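> Under this note's numbering, the first residue of the sequence shown is numbered 9, with each subsequent residue one higher.
The structure under discussion is supplied below as structure tokens; questions concerning it will follow.
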Amino acid sequence: MITLGQIGIGYWGPNLLRTFTSLPGARVKTCCDLDEERLTQFQTRHPAVTFTTDYSRVLDDPDIQAVVIATPAVTHHEFAKIALQRGKHVFVEKPLALSVSEAQELVAIADQKHRTLMVGHLLLYHPAVRRLKEMMETNELGRIYYVYSRRVNLGRVRRDESVMWSLAPHDVSVALYLLGDDPAEVSAQGFAFLQPDVEDIAFLTIRFRSGIVYHSHVSWLDPHREREFVVVGDRKMAALDDVAPAEKLRVYDSGIDSPSYASYTQSLTLRIGDILIPRIDTTEPLVLECRHFLECVEQNRRPLTDGANGVRVLRVLEACHQSLKQGGRAIACE
């Protein structure tokens, strides 16, 4: 049995609390948040959990083996650092920190203390994303031409971070996972309409060393609610729609076939084939993610979304942020 403490039950924290309290092998002992009214509400739902406004009740408790951090991103580094230094395993919501240097410090402390550090890049535990990864690894889609994603909605508008820092980590982490390649160059543009210097929409373009291009559109100022990820290959194309109630992954046996030799007289051939709906595990991704964290703590395994993975995502986001602030200038990735 792993004893957990949680800091933060704001927007996403309640989902983590619900999931960890439902999993066998885990006991959430203490949960901290500054909003006393919310603490009262959750106390009735989780009577076995102690709720407090004092985060030291979590960080200083020797009985608590692992800490779940679901606070505003600006506090992630501080809380994770204290928890790791006190010998606790850490699950921290994305992003791991707000700079590569801060994230690297957390990774170093976790390694030094031999503690698990896991970042909440939830989509990497999504069964549809896992299935898409398998298809790409077995060359079912063929040579990949390009990848794009859309994560747009009307709201939820943040004041403490831009839409790029709020939404783009989800899809950037998926792109890095699926392609298994290092970015060579990024460019980004963003626009602030509702608040000064807080971008409401952003467009990110990442060119990978393999030549594959990934494009991302994120917005909280859009009439549509879309969470779509599309991979286009020379054999087949795949579209993942996380908003769809069912059939979240569709594979299109379609494309454009070119002649096997150069010819001005032979035209390209449009191919429209069947649509395949792969069978996908229906387990909630958050359950898989939280269960993975517990297993890594118990078995001393390195998580799929470990600290190094968090640093990798942050490198891309930092470069995109730099490009965005310079009007979209291309930035080379180290």
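For every residue, glycine included, the Cβ atom is placed at its ideal position computed from N, Cα and C.
On a predicted model such as this, the values are computed, not experimentally measured, just so you know.
Give, in chain order, every unbroken run of the beta strand (DSSP E) that is at least 3 residues long and sits entirely within the segment 221-294.
DSSP runs (the beta strand (DSSP E)) wholly in the segment 221-294: 221-227, 229-241, 245-249, 257-265 and 277-284.
> Mind checking whether Ala327 and Pro103 have CB atoms under 9 Å apart?
no
> Is it true that the segment 119-134 meets the segment 162-181, where meeting means three or more beta-carbon pairs spaced less than 8 Å apart?
Of all C-beta pairs linking the segment 119-134 to the segment 162-181, three or more are shorter than 8 Å, placing the two stretches in contact.
> Between Arg235 and the rest of its own chain, which residues show a CB-CB distance below 6 Å, the 5 nearest in sequence each way excluded?
Arg159, Asp250 and Val251
> So what's Ala118 in DSSP terms, helix, strand or just coil?
helix
> Quick one, are the C-beta atoms of Asn308 and Thr124 less than 9 Å apart?
Yes.
> Measure the Cβ-Cβ separation of Leu312 and His329 and say whether it is below 9 Å.
No. Outside cutoff.
> Within a Cβ cutoff of 7 Å, which residues of the same chain sit near Phe237, ignoring the five residues on either side of it in sequence?
Ser157, Asp179, Val182 and Leu248
> From the DSSP secondary-structure annotation, give me the bridge partner or partners of Pro204.
According to DSSP, which records beta bridges pairwise, Pro204 is partnered with nothing at all.
> Based on DSSP bridge pairs, tell me the residues matched to Asp62.
Asp62 has no beta-bridge partner at all, per DSSP.
> Would you say Ala74 and Phe50 are within 9 Å of each other, going by their C-beta atoms?
Their beta carbons are not under 9 Å apart, which means Ala74 does not touch Phe50 by this criterion.
> For Leu296, tell me which candidate among Ser107, Met9, Val137 and Arg337 has the shortest Cα-Cα distance.
Val137
> Taking 9 Å as the threshold (C-beta atoms), are Phe59 and Asp41 in contact?
yes
> Do Gln14 and Ile77 count as a contact pair if the criterion is CB distance below 9 Å?
yes
> Identify the residues that DSSP records as bridge partners of Met172: which are they?
Paired residues: none, contrary to the question.
> How is Thr11 classed by DSSP in three states: helix, strand or coil?
strand
> Ordered along the chain, which non-local residues of its own chain (more than five positions away) have a Cβ less than 8 Å from that of His84?
Ile77, Val100, Glu101, Pro103, Leu104, Ala105 and Leu106
> Out of Gly18, Asn147, Arg53 and Glu255, which one is the CA nearest neighbour of Lys244?
Nearest option by C-alpha distance: Asn147.
> Write down the C-beta distance between Gly198 and Met172 rounded to the nearest angstrom, noting that I regard them as a contact closer than 8 Å.
Contact flag correct, Cβ pair sits at about 6 Å.
> In three-state terms, what does DSSP make of Pro177?
helix
> How close, in whole Å, do the beta carbons of Ser195 and Ala88 come, if the pair is a contact with beta carbons under 8 Å?
Wrong, their Cβ atoms sit about 30 Å apart, outside the cutoff.
> Buried or exposed, going by whether 16 or more other CB atoms sit within 10 Å of the CB of Ile220?
Classification of Ile220: buried, given that the 10 Å Cβ count is 16 or more.
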